[in-house]
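Novice: Structure in structure tokens, see below.
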Amino acid sequence: MTPAGGRTVLVTGGGGYIGSHLVRRLLARGDRVRVLDLFLYGDHGLKGVLEHPRLFVQPGDVRDRAAMREAAAGVDTVIALAALVGDAACDLDRAATAAINHEATELLAETCVNAGVRRLVFASSCSVYGAGADPILSESSPVNPVTFYAQTRVDSERVIDAYADRLSAVTLRLSTVFGLSARMRLDLLVNTFTAQAYFRRTIRVFGGGQWRPNLHVQDAAAAFVLAADAPDALVRAQRFNVGDDRSNHTVRDIAEMVAAALPGTAVQVEPQSVDARDYRVSFGKIRTTLGFVQSFSVADGIAEIAAACRRGEIAGLEDPLQSNYESLKHFGIPQLRAAA
-12 MTPAGGRTVL VTGGGGYIGS HLVRRLLARG DRVRVLDLFL YGDHGLKGVL
38 EHPRLFVQPG DVRDRAAMRE AAAGVDTVIA LAALVGDAAC DLDRAATAAI
88 NHEATELLAE TCVNAGVRRL VFASSCSVYG AGADPILSES SPVNPVTFYA
138 QTRVDSERVI DAYADRLSAV TLRLSTVFGL SARMRLDLLV NTFTAQAYFR
188 RTIRVFGGGQ WRPNLHVQDA AAAFVLAADA PDALVRAQRF NVGDDRSNHT
238 VRDIAEMVAA ALPGTAVQVE PQSVDARDYR VSFGKIRTTL GFVQSFSVAD
288 GIAEIAAACR RGEIAGLEDP LQSNYESLKH FGIPQLRAAA
């Protein structure tokens, strides 16, 4: 698989945590990039590239048929990141979550078919495994979503499946993402624990024995590019878990890694408050099929975030824009309802 710079790529949700990395990666290799985004969390994720001559930003909603048709016209590749993400955030307004995460997927796929899009790369989540039935979960393992957010990912994957005979589409089930981003999030496991350790010297762990796969945000962006460039025969109608076997860790282990990196941090375990999500995931398929391997470990991410805290780039845990839940609770839900 060789780089295909020079294509026109639409990234829905391109101003977000992953999208802001992906857009820069695509621009750097010579692609023309369109971004369709409601910018619920602001447009600072694209700061520094907004004036790029090969970037076109279209503020808009993936539920809007006209906006989708305009954004996809003449596009080679669509990378679909736009979604409400996070269990607590999605529970704030389940109707809006279902409309964006599930129902809009039908419009997405239909638009891609009508526009003659060569490839759709769809973002899903390893959270679909929920309380995993298998010790190590592969793409053939049964899904068992335990949250509303995860259920919307399962439902949207099934929509994509229904278009397999008309559209070259591939679904990426992402691990829990971590690392620095221009649109920073402190509501993700590694990021949260590192910020808690730096600013509060205490990490709160609910349960602790649950397994989580982890993925650096830059590696996530790289995986989307790999899937976009891959030959049709390798990816059409396929699902890939995205991550690395070396980055499966228990929640307690991650807390201990953070505490070791930031001496003086206490780990406060609350065994009575156990998170039902528990999944240890295999990444053999994406490694052998697409050649994906991680470039950044969890330890790398901890060091990166701690260094950003020391430099003052992360000012604390109180900024609502760094949490999907807090952002939506304070001002995002009215914006979503107004845009519907």
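Just so you know, we're using the numbering used here here: the sequence shown kicks off at -12 and counts up by one. Glycine included, every Cβ here is placed at the ideal spot set by N, Cα and C.
To the nearest angstrom, how far is it from the Cα of R324 to the Cα of A76?
Specialist: Translated into the one-based positions of the sequence shown, residue 324 becomes position 337. Translated into the one-based positions of the sequence shown, residue 76 becomes position 89. Between R324 and A76, the C-alpha separation is close to 15 Å.
Novice: In whole angstroms, what is the alpha-carbon distance linking L79 and K34?
Specialist: Position 92 of the sequence shown, counting from 1, holds the residue named residue 79. Position 47 of the sequence shown, counting from 1, holds the residue named residue 34. Approximately 28 Å between the Cα atoms of the pair.
Novice: Kindly identify the DSSP beta-bridge partner or partners of L124.
Specialist: Stepping through the sequence shown from its first residue, residue 124 is reached at position 137. Looking at the DSSP assignment, L124 forms a beta bridge with V268.
Novice: At the level of alpha carbons, what is the spacing between G103 and A149?
Specialist: For this step, residue 103 is matched to residue 116 along the sequence shown. For this step, residue 149 is matched to residue 162 along the sequence shown. Going by the C-alpha atoms only, they are around 17 Å apart.
Novice: Would you kindly work out how many angstroms separate the C-alpha atoms of G73 and E313, rounded to a whole number?
Specialist: Locating residue 73 in the sequence shown gives position 86, counting from the first residue. Locating residue 313 in the sequence shown gives position 326, counting from the first residue. The straight-line gap from Cα to Cα measures roughly 11 Å.
Novice: From what residue to what residue does the beta strand (DSSP E) around P200 run?
Specialist: Locating residue 200 in the sequence shown gives position 213, counting from the first residue. Run containing P200: 198 to 203, per the beta strand (DSSP E) assignment.
Novice: Name the residue from A293, E300, V192 whose alpha carbon lies nearest to the alpha carbon of E257.
Specialist: The residue labelled residue 257 in the question sits at position 270 within the sequence shown. The shortest C-alpha separation from E257 is found at V192.
Novice: Could you round the C-beta distance between R41 and R19 to whole angstroms and report it? I think they count as a contact, below 8 Å.
Specialist: The count along the sequence shown starts at 1 and reaches residue 41 at position 54. The count along the sequence shown starts at 1 and reaches residue 19 at position 32. About 5 Å separates the two Cβ atoms, so the contact holds.
Novice: Nearest-angstrom Cα distance between A120 and A137?
Specialist: In the sequence shown, residue 120 corresponds to position 133, counting from 1. In the sequence shown, residue 137 corresponds to position 150, counting from 1. Computed Cα separation, rounded: 15 Å.
Novice: Among G1, R(-6), A263, whose alpha-carbon lies nearest the alpha-carbon of N131?
Specialist: Taking the first residue of the sequence shown as 1, we reach residue 131 at position 144. Minimum Cα distance to N131 is reached at A263.
Novice: Thinking just about the alpha-carbon of each residue, which of V245, G299, R105 is nearest to the one in D63?
Specialist: Translated into the one-based positions of the sequence shown, residue 63 becomes position 76. D63 has its Cα closest to that of R105, out of V245, G299, R105.
Novice: Do three or more CB pairs link the region 152 to 169 to the region 212 to 226 at distances below 8 Å?
Specialist: Because the criterion of three Cβ pairs below 8 Å is met, the region 152 to 169 and the region 212 to 226 touch.
Novice: Going along the chain, which residues of its own chain have a beta-carbon closer than 6 Å to the beta-carbon of R267, five neighbours each way excluded?
Specialist: For the purposes of this step, residue 267 is identified with residue 280 of the sequence shown, where counting begins at 1. So the list reads I123, W198, N235, once near-sequence residues are dropped.
Novice: With distances taken between CB atoms, is the gap from V331 to G194 smaller than 8 Å?
Specialist: The shown model of the chain, from -12 to 327, leaves out residue 331, and the question about it has no answer.
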